[in-house]
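Right, one structure below, let's go through it.
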Amino acid sequence: MRRRDREVTDLTELLKIIDACEVLRLGLADGAVPYIVPVNFAYTFDEETLCFYIHGAEAGRKYALMQRCGVCAFEMDMPLQMECIPERGDVTMRYKSVMGTAAIAFLEGEEKQDAVENIILQRYEMTRHFSYNKSALERTAVAKLTVQELRAKANL
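Numbering (this note's numbering), first residue to last: -19 to 136.
If you want it as structure tokens, here you go:
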């Protein structure tokens, strides 16, 4: 990281950034051109390991690349405001961001159902007590992204 003065190293602050983000951008290798796709997510942190959980169809480009690659990059951010600094003639964007890499594992059976009901649906107030169509779970891919590398930055 070039700007160490912007690095967020406090774990509590880093988790606050993740909590505030609505979208995780998933980066997957697809030959010479990276494939980036925005996804909704939930996460767990057990004092040692951070894991993101995402879901989607068991078909399509994202699913195929996740299966083939087994690893991904990710990014999430909070743009705060654009700022003009007249005394320096500068313009800067105030933001907070998190990025890193993760290992991809697809969940099955009870582990998959548990992730949907007790992690993914629990992230938002409106889905916490929602009675979802459990038959859709059979054709839904649920992936656990175990974070291997993590960096956070803020320009406040």
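By construction, the Cβ of each residue, glycine as well, lies at the ideal position given by its N, Cα and C atoms.
Taking one C-beta from the region 82 to 91 and one from the region 114 to 132 each time, how about it: are there three or more such pairs within less than 8 Å? In short, these stretches touch, since the Cβ pair count reaches three.
Have a look at Gly69, Lys133 and Leu125 and flag the residue whose alpha-carbon is nearest the alpha-carbon of Ala53. Among Gly69, Lys133 and Leu125, the Cα nearest to that of Ala53 is on Leu125.
Between the C-alpha atoms of Glu(-7) and Tyr104, what's the straight-line distance to the nearest angstrom? Taking the straight line from one Cα to the other gives about 20 Å.
When DSSP builds the beta bridges, which residues end up paired with Ala121? Beta-bridge pairing links Ala121 to Gly36.
Is the Cβ-Cβ distance between Ala82 and Gln128 less than 7 Å? Against a cut-off of 7 Å, the Cβ pair of Gln128 and Ala82 comes out as a contact.
Cβ shell of Leu60 (< 6 Å), same chain only, five flanking positions each side left out: Closer than 6 Å at the Cβ level, and outside the excluded window around Leu60, lie Arg74 and Tyr75.
Please report the residue range of the alpha helix (DSSP H) in which Glu(-7) lies. From DSSP, the alpha helix (DSSP H) with Glu(-7) extends over Leu(-9) to Ala0.
First and last residue of the beta strand (DSSP E) that includes Ala85? Its beta strand (DSSP E) spans residues Asp70 to Phe86.
Just the Cα atoms here: how many angstroms apart are Leu45 and Arg68? A straight line joining the alpha-carbon of Leu45 with that of Arg68 spans about 45 Å.
Have a look at Glu2 and Val51 and give me their C-alpha separation to the nearest angstrom. Rounded to whole angstroms, Glu2 to Val51 spans 22 Å at the Cα level.
Taking the straight line between their C-alpha atoms, what separation do you get for Gly40 and Ile16? CA-CA distance, Gly40 to Ile16, rounds to 14 Å.
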